[in-house]
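Just below is one structure, and these are the notes that go with it.
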Amino acid sequence: MPSSDIIQLLPDSIANQIAAGEVVQRPASVVKELMENAIDAKATQVQVILREAGRTLIQVIDNGTGMSETDARMSFERHATSKIRQSEDLFRIRTMGFRGEALASIAAVAQVELRTRREENEIGTLIRIDGSDIKTQEPVACPKGTNFSIRNLFFNVPARRNFLKSNSVEMRHVLDEFQRVALANPEVGFTLHHNDTEVFNLLPVKLVKRIIDIYGKSYREQLAFCQEDTSYIKVRGYIGKPEFARKTRGEQFFFVNDRFIKHNYMHHAVISAFDGTIPEGSHPFYVLFIDIDPSHIDINIHPTKTEIKFDDERSVYAIIMAAVKKAVGVYNLSQSIDFEE
Ligand code: ADP
Ligand code: MG
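For the sequence shown, the residue numbers in UniProt numbering are 1 to 341.
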């Protein structure tokens, strides 16, 4: 007798929980995804509130577009997004999100509360979800914008919960993500509170001021403006002067179309441009923005979107190197700082 077929489609809640493994590694991943959603929603003010390094609470409040009642519900579905519609859109991405995975993933492994209202609606929407189960959906009075509270991350995934490091290590990761988003969006105001202590209160400013507001006044004298425009890419940002290079890595930032990315080859281009002006093995400070037509890049390499492929890596390398060389040269020549703002 032939045995019966055994393959079944997984329920969404399980599929989401599996996908969450890729997108949500720790509290910092949730902070990144929610802050990026706030930016995509055109917020001008974003508040981040944490308890116990985000283990028990991650709250992100924005004054962006908000969502309709139906969209608020839809936002938790997997592959549900307002940011792309057709495959061609993948080559035109200017938003931080587009995969429609973050909220579904987060809701699968935490207790989520969403309050959101669009300007044109008098009343907002409140949704409570526990590990993908909708517990509440009702009208609520709330300010324009969106307010997500994520409680008890990994409450239903003990292995993940136990894998989390000490609060200070988890906070370090959160600060990294917070600072990256804050650097990429200097014209947006951000606050960060941890256990009722204000960690950051960043006012909307220009890039150079944002760098100083995050890293301290001592950076002011150490920065040189860097710019190079070609038809392929535009490079803009600040490098630290050679004497300011440090033994430890961590203050090197590339943003491609405002998205933080890690790219060893491009990092090498910067280091090469410093050519002999910094000791071997030390790391110069840099915050470089690369603007490129999205059709020339592929950001769909990894779910966290910190990797990227350019269609012409060699040109990117050469242009970044030229930009940084010029900035280092100008600094060495005049010993003065050229501020853009
Ligand atoms: P993605 O950002 O890739 O589209 P998400 O799961 O992060 O996927 O979000 C799903 C959708 O929910 C978004 O496309 C957006 O329409 C909506 N959304 C999420 N966060 C916000 C927010 N803070 N303000 C307004 N809309 C939001
Ligand atoms: Mg998103």
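The beta carbon of each residue, even a glycine, is placed where N, CA and C say it ideally should be. Remember, predicted model here, so these are calculated numbers, not experimental data.
Here the residues close to the ligand MG, judged by CB distance below 5 angstroms to any of its heavy atoms, are Asn-37, Gly-97, Ala-102 in chain order.
Per DSSP, Asp-12 is one residue of the alpha helix (DSSP H) stretching across 12-23.
Between Ala-141 and Ile-123, the C-beta gap is smaller than 8 angstroms, which places the two residues in contact. For the region 102-128, the continuous beta strand (DSSP E) assignments of 3+ residues that do not extend past its boundaries occur at 111-117, in sequence order.
Distances taken from the Cβ of Ala-41 to the heavy atoms of the ligand ADP include one shorter than 7 angstroms.
Under the DSSP assignment, Ser-3 falls outside any beta strand (DSSP E); it carries neither an H nor an E label. The nearest non-hydrogen atom of the ligand ADP is less than 7 angstroms from the C-beta of Ser-75.
Here the alpha carbon of Ala-20 sits roughly 43 angstroms from the alpha carbon of Glu-221. At least one heavy atom of the ligand ADP is found less than 7 angstroms from the C-beta of Met-67. Residue burial annotation: Asn-63 is buried, with at least 16 other C-beta atoms found within 10 angstroms of its C-beta. With respect to the 8 angstroms criterion, His-79 and Gly-100 are classified as neighbours on the basis of their beta carbons. Put simply, of Glu-69, Pro-11, Pro-27, Lys-42 the residue whose alpha carbon is nearest the alpha carbon of Ile-49 is Pro-27. Inter-segment contact for the region 257-272 and the region 315-325 is present: three or more beta-carbon pairs are separated by less than 8 angstroms. For Ser-149, the beta-bridge partners assigned by DSSP are Gln-59, Glu-113. Between the region 1-15 and the region 152-160, the count of C-beta pairs closer than 8 angstroms stays below three; the two stretches do not touch. Distance from Val-112 to Ile-61 at the Cβ level is roughly 14 angstroms; contact not present, criterion being Cβ atoms closer than 8 angstroms. Contact between the region 284-293 and the region 252-260 is present: three or more C-beta pairs spanning the two stretches fall below 8 angstroms. Residue side-chain check: Ala-104 places its Cβ nearer than 7 angstroms to a non-hydrogen atom of the ligand ADP. The DSSP-derived three-state label of Leu-183 is helix. Contact check between the region 189-200 and the region 276-285: fewer than three CB pairs, one atom from each, fall below 8 angstroms, which does not count as touching.
Taking all protein chains shown into account, Asp-133 has fewer than 16 neighbouring C-beta atoms within 10 Å of its C-beta and is therefore exposed. With respect to the C-alpha of Met-171, the residue from Leu-202, Arg-236, Leu-57 having the closest C-alpha is Leu-57. By the Cβ neighbour-count rule, Pro-186 is buried, with 16 or more other Cβ atoms within 10 Å of its own.
In this structure, Ala-108 lies away from Gln-25, with their beta-carbon atoms at least 8 angstroms apart. Counting the other CB atoms within 10 Å of its CB gives Val-169 a total below 16, which places it among the exposed residues. Burial state of Arg-85 is exposed, judged by a 10 Å Cβ sphere holding fewer than 16 other Cβ atoms.
For Arg-51, the enclosing beta strand (DSSP E) starts and ends at 45-51. The three-state reading of DSSP puts Glu-138 in strand, counting E and B together. The ligand ADP never approaches Gly-21 closely enough for any of its heavy atoms to be under 7 angstroms from the residue's Cβ. His-296 has its alpha-carbon roughly 13 angstroms from the corresponding atom of Asp-89. In terms of Cβ geometry, Asn-167 and Glu-307 do not form a close pair [threshold 8 angstroms]. With a cutoff of 8 angstroms on beta-carbon distance, Leu-34 and Phe-148 are scored as near each other.
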